[in-house]
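Colleague:
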Amino acid sequence: MGAMTIARAPVREPAWSLSRSAIGLWVTEGVIGSVFAGIGAAAVVLFVPSSVGFLRWLVPAVALVYAVAVIGVRPWVRFRVHRWEVTGEAVLTLTGWLTRTWTLVPISRIQTVDVTRGVLQQLFGLSTVAVLTASSQGTVHVWHLEADVAQRVADDLAHRAEQVRDQAT
Amino acid sequence: MTQPPSPGRRTSPRVVLVHTITFRQARQFVPAVIPLVAAVGLDGGAPTIVGLVLGVTVLSLATAGLSWWRFSYVDGPSSVVVTRGLLSRSVRMVPNDRIRGVEVETPVLHRLFGLVRVRIDAAAGGVTDKGEELVVDGLPRSEGDRLRTAVLTHRSSTSATADGVPVAMPAEEEFARFDNRWLLYAPLVGSYLAVPLAAVGALFRLAQELPESVRPEFDEPDLSGLQVLAITAAAGLLLLGVGSVIGAAVVNWGFRLVRRGGSLVATRGLITRRHTELEIDRIRGCTVAEGAGMRLVRATRVNALVTGLGDAARRGQLLPLGPRKEAWRLVHRLVADPGPMVPHPVAARRRRLGRALFAGLVVTAAGLVATIAAGWWGLLVVGVLLTLLGVPLGLGRYAALGHAAGPRSFTVRSGWLVREQAVLERRAVVGWQVRQSFFQRRAGLATVVACVGAGRGGYAAIDMAADEVRSFTVAASEPWAETFSR
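Going line by line, the protein sequences match chains A and B. Using my numbering, the first residue of the first sequence is number 7, and each one after it goes up by one. Using my numbering, the first residue of the second sequence is number 3, and each one after it goes up by one.
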């Protein structure tokens with residue numbers, strides 16, 4: 007990580023990082039996922055006959071590794087990776103933790119701007135801004151912004167898109 | 003929406019006959035009739051069957067007549083309105099500026115009665131949801147042509163780009179014409195090969211459903227001799243080839259692509275004549291697709307990428323099947339030539355090879371274990387074969403990769419089973435997506451997807467050098483792409 011990856015990044019990183027509350031949200035998501043994985047693993051241990059041997063313990067071991075990764079590692083890596091920026095011309099985001107994805111959409115091609123708040127997001131006071139274009143693959147999601155920031159960004163983008171929209175799609 | 007409720011036009015009453023013959027409206031009652039027949043049984047013999055046939059025909063006539071009576075359409079100055087519905091009324095209104103194209107088709111029966119079917123295609127927002135369609139079935143030919151020109155004229159006069167003065171009959175310019183010799187390519191094209199296979203499948207199903215007494219009796223064929231087997235295989239292959247040529251001929255017979263004013267008009271079909279119209283202004287690029295078999299004979303297929311077009315795979319076809327040279331001439335008439343293709347770095351070849359060999363190597367490893375542990379060498383042979391086959395596959399997939407950016411357009415290419423090259427205008431790009439997995443990061447590669455509001459929605463340059471991403475995105479779209487480096 008660090009200098010090496012930045013030197014090899016194909017395009018630049020967006021300037022702004024997400025709200026720190028996003029870490030809490032991701033940890034919560036990880037805990038929920040781990041609970042389900044744990045239930046599944048417990049079911050395997052209970053119902054698979056002991057004659058199978060050590061293979062029976064492979065599933066709980068995998069579940070444990072998964073829990074450590076999604077609770078202890080992924081939220082922090084994601085927080086370091088995830089970035090976003092709105093410039094005069096475009097919206098740029100960077101997401102992912104193992105696979106990085108940069109998405110760039112010019113404001114002139116924005117068709118709609120949505121703000122959504124999931125159940126968990128509401129607990130942490132966060133919102134997601136989704137910027138849609140004519141392309142099904144050209145959608146930018148700016149995840150987990152503080153609710154008031156998200157609303158301001160969405161209003162600003164929608165307003166500017168209306169002013170500079172060109173007819174071409 | 004401002005127009006007063008006008009009486010509306012009707013389709014030709016002759017369409018009632020067409021629909022009675024094809025049981026078009028009555029078809030929906032079939033699921034209800036089957037259990038009825040099963041309950042009553044066919045014990046009555048001939049009279050019962052005759053009664054049943056008569057009943058179905060009368061029912062069909064009644065529904066066809068009723069739906070003809072309840073159907074009307076109006077092509078107003080601002081929108082097209084279609085009113086229909088057997089029991090409940092439905093009124094559909096499509097504003098003229100949402101209309102993307104008009105298609106006139108003539109199935110065989112319609113041709114006998116001098117009728118046509120008009121499909122009016124309206125965009126419904128996103129590319130992914132299939133565009134809405136208005137179908138006006140059973141118009142006299144002259145009325146069909148009038149409706150088509152009327153709708154298209156209304157549309158262009160409401161759109162901002164047209165000057166508002168519709169030209170009466172602009173001159174035609176031929177872009178492509180199907181040469182019947184190209185039908186011989188059909189046996190190498192997957193989708194046409196599927197035609198005879200589907201036909202044989204349907205035949206078998208039909209034979210299964212026939213009552214025992216009607217089914218023709220075959221002697222158990224003697225398949226023991228090698229000679230018989232070879233002859234059967236040869237006959238099967240011949241049948242497959244001939245079937246695919248026939249299938250291609252039925253769909254593409256007399257294909258012709260002409261430019262008429264601001265639109266491209268494609269006509270084709272042996273049994274059902276189709277007449278599709280695309281607005282040139284909405285064309286953002288083309289895809290040139292070549293299946294593995296087609297590449298052997300340098301055959302290709304060209305599709306147009308049109309914004310907001312429903313059922314684009316069929317409607318966007320500019321050349322269903324033809325030689326590569328002809329195809330590229332056509333593409334370059336519509337989109338500027340972006341110049342020679344830039345191959346991707348050696349690291350990309352390693353990645354393609356690695357991916358192609360992975361499955362084979364896993365099976366080989368499992369096979370080794372099985373051989374050593376149980377002396378079971380079958381799996382090992384399969385694994386080695388898979389690995390060997392993976393080499394040309396990986397190299398082929400690498401050879402397909404490439405991209406190029408010219409002054410007005412750009413292109414990306416990928417795929418082995420179907421190698422697809424998209425040539426797009428710079429203005430087509432509505433966004434960029436750059437993806438880099440952990441392994442791509444280590445190899446200094448990245449996958450760049452050009453997001454486009456047409457076709458599949460995105461066209462990818464897989465595994466290009468990470469250093470080239472910035473310059474490529476700036477060269478292939480408008481200045482906003484410099485956000486990636488500033």
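Positions of the beta carbon are idealized from the N, C-alpha and C atoms, including for glycine. In this text the structure is predicted, and so the values were computed from the model without any measurement.
For B:Gly318, does the count of other Cβ atoms within 10 angstroms reach 16, so buried, or fall short, so exposed?
Modeller: Buried is the call here.
Colleague: So which of B:Gly433, B:Pro394, B:Leu336 and B:Val137 has the shortest CA-CA distance to A:Leu110?
Modeller: Of the candidates B:Gly433, B:Pro394, B:Leu336 and B:Val137, the one whose C-alpha sits nearest the C-alpha of A:Leu110 is B:Gly433.
Colleague: What residue range does the beta strand (DSSP E) around B:Thr24 cover?
Modeller: Looking at the DSSP string, B:Thr24 is not in any beta strand (DSSP E); the run it does join, the alpha helix (DSSP H), is Arg16 to Thr24.
Colleague: For B:Arg72, collect the residues of the same chain with a Cβ closer than 7 Å to its Cβ; drop the 5 residues on either side in sequence, then sort them by chain order.
Modeller: Hits under 7 Å: Arg86, Gly87 and Leu88.
Colleague: Have a look at A:Gln128 and A:Thr122 and give me their C-alpha separation to the nearest angstrom.
Modeller: Cα to Cα, A:Gln128 sits roughly 10 Å from A:Thr122.
Colleague: Check each residue of the segment 430 to 449 of chain B: if its Cβ is closer than 9 Å to any Cβ of chain E, include it; give the result in chain order.
Modeller: Of the chains in the structure shown, none is chain E; the protein chains are A and B.
Colleague: With a cut-off of 8 Å, does the C-beta of B:Ser473 fall near any C-beta of chain A?
Modeller: It does not; no Cβ of chain A falls within 8 Å.
Colleague: Using only the heavy atoms of the ligand NAP, determine whether one of them is closer than 7 Å to the beta carbon of A:Val79.
Modeller: The ligand NAP is not part of the structure shown, which contains no ligands of any sort.
Colleague: When DSSP builds the beta bridges, which residues end up paired with B:Glu175?
Modeller: Partner(s): B:Arg261.
Colleague: Would you call the segment 183 to 191 of chain B and the segment 234 to 246 of chain B touching, i.e. three or more CB-CB distances under 8 Å?
Modeller: Touching, per the Cβ criterion.
Colleague: Could you say which of B:Ala251, B:Ala124, B:Ala235 and B:Leu241 lies nearest to B:Arg183 if we only look at CA atoms?
Modeller: Closest option to B:Arg183, Cα to Cα, is B:Ala251.
Colleague: Using three-state DSSP, classify B:Pro347 as helix, strand or coil.
Modeller: Of the three classes helix, strand and coil, the one that applies to B:Pro347 here is coil, per DSSP.
Colleague: Tell me which same chain residues have a C-beta within less than 8 Å of the C-beta of B:Arg91, skipping the five on either side of it?
Modeller: The residues are Arg72 and Thr85.
Colleague: Closer than 6 Å by C-beta to B:Thr130: which residues in its own chain qualify, once you throw out the five before and the five after it? Chain order, please.
Modeller: At B:Thr130, the pLDDT of 39 sits below 50, so the modelled position is not reliable and the matter cannot be decided from this model.
Colleague: Between B:Ser487 and chain A, is any beta-carbon pair separated by less than 8 Å?
Modeller: Answer yes: the Cβ-Cβ gap between B:Ser487 and chain A drops below 8 Å somewhere.
Colleague: State the beta-bridge partners of A:Trp22 as determined by DSSP.
Modeller: For A:Trp22, which the question treats as bridged, DSSP gives the partners A:Trp90.
Colleague: Mind checking who B:Asn305 pairs with in its DSSP beta bridge?
Modeller: Bridge partners of B:Asn305: B:Thr289 and B:Gln319.
Colleague: Less than 8 Å between the C-beta atoms of B:Leu272 and B:Trp255, yes or no?
Modeller: In this structure, B:Trp255 lies closer than 8 Å to B:Leu272 by Cβ.
Colleague: CB A:Leu126 to CB A:Glu35, shorter than 8 Å?
Modeller: Yes, the pair counts as a contact, with Cβ atoms nearer than the cut-off.
Colleague: From B:His21 to B:Ile122, what distance separates their C-alpha atoms?
Modeller: Taking the straight line joining both Cα atoms gives about 20 Å.
Colleague: Would you kindly check if the distance between the Cβ of B:Val304 and the Cβ of B:Leu332 is under 8 Å?
Modeller: The answer is yes: Cβ separation under 8 Å.
Colleague: DSSP on B:Glu422, reduced to helix/strand/coil?
Modeller: Three-state DSSP puts B:Glu422 in a strand.
Colleague: By alpha-carbon positions, which one of B:Gly238, B:Glu176, B:Ala407 and B:Pro342 ends up nearest to B:Val476?
Modeller: Minimum Cα distance to B:Val476 is reached at B:Ala407.
Colleague: How many whole angstroms separate the CB atoms of B:Glu107 and B:His277, which I take to be in contact at a CB cut-off of 8 Å?
Modeller: Correct: roughly 7 Å between the Cβ atoms.
Colleague: Can you tell me the Cα-Cα spacing of A:Thr139 and A:Leu98, whole angstroms?
Modeller: Approximately 14 Å between the Cα atoms of the pair.
Colleague: Could you pull the DSSP bridge partners for B:Phe412 from this structure?
Modeller: Paired residues: B:Ala407 and B:Leu426.
Colleague: Compare the C-beta of A:Ala140 against all C-beta atoms of chain B and say whether one is closer than 8 Å.
Modeller: It does: the Cβ of A:Ala140 has a partner Cβ on chain B nearer than 8 Å.
Colleague: Counting along the chain, where does the beta strand (DSSP E) carrying A:Leu100 start and finish?
Modeller: Segment Ala96 to Thr101, the beta strand (DSSP E) holding A:Leu100.
Colleague: If you run the structure through DSSP and keep just helix, strand and coil, what is B:Arg488?
Modeller: Correct three-state label for B:Arg488: coil.
Colleague: Determine the direct distance from the alpha carbon of B:Asp283 to that of B:Arg428, and round the result to whole angstroms.
Modeller: Distance between the alpha carbons of B:Arg428 and B:Asp283 is about 14 Å.
Colleague: Which word fits B:Ala478, buried or exposed, when buried means at least 16 other C-beta atoms lie within 10 angstroms of its C-beta?
Modeller: Buried, since its Cβ has 16 or more Cβ neighbours within 10 Å.
Colleague: Whole angstroms is fine: what's the gap from B:Ala306's alpha carbon to B:Ala291's?
Modeller: About 11 Å.
Colleague: Using the C-alpha atoms, what's the distance from A:Trp149 back to A:Val137?
Modeller: Cα-Cα distance, rounded: 11 Å.
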